[in-house]
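Note sheet for the following structure.
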Amino acid sequence: WASARSRPDVGASATAAAKAAPRRITPGDFAYHVNPQGQPGHVRAAPGPGGAVLDEPLPGAEQLAHGQRLRVTSLSGHWAKVAPDAGIGGWIPVEHLQLTPLPTAV
Numbered sequence: 002w003a004s005a006r007s008r009p010d011v012g013a014s015a016t017a018a019a020k021a022a023p024r025r026i027t028p029g030d031f032a033y034h035v036n037p038q039g040q041p042g043h044v045r046a047a048p049g050p051g052g053a054v055l056d057e058p059l060p061g062a063e064q065l066a067h068g069q070r071l072r073v074t075s076l077s078g079h080w081a082k083v084a085p086d087a088g089i090g091g092w093i094p095v096e097h098l099q100l101t102p103l104p105t106a107v
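Residue numbers (the working numbering): 2 to 107.
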C-alpha cells in the first residue's frame, strides 16, 4: 500500500477538500446574526426540538440586530446559545449565524 506521502495526488486532494469545506460554528466563536429576511431576531430561553421555535422571545432580552456580533457559548442540535457584547443571551437557530461579518455599505 502506498501512503499519502508517496502519492502526492492523494495528499493534495485531501488538502484541497479541507480548504473548500466551510468551517462549522463552535463554542467560543464570534458569529454574526443573519436573518434570511434581514429582520431583527430574538433569543429564546431554550432550544426547540428539530430547530422549532416553541417559546416566546426571552423576557428582558433586546432584539438582535441583523449583522450583530455574538459569542457562541454552546450548541444543542440546530441551536446555538449566544451572548451579545452587552445584554441578555439565549438560544437562536444555528442557521441564523455566520462566521464572517456582513459587508458594510459604502
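The beta-carbon is built from N, C-alpha and C at its ideal position, and this holds for glycine as well.
- If you look at Pro28, you'll find it isn't in any beta strand (DSSP E); DSSP assigns it neither H nor E.
- Checking the DSSP bridge columns, you'll see Ile93 partnered with Ala81.
- Rounded to the nearest angstrom, the Cβ distance from Leu71 to Ala47 is 17 Å, too far for a contact under 8 Å.
- Under the three-state reduction of DSSP output, Leu100 falls in the coil class, being neither helix nor strand.
- Across the structure, Leu59 and Pro104 are spaced so that their CA atoms are roughly 29 Å apart.
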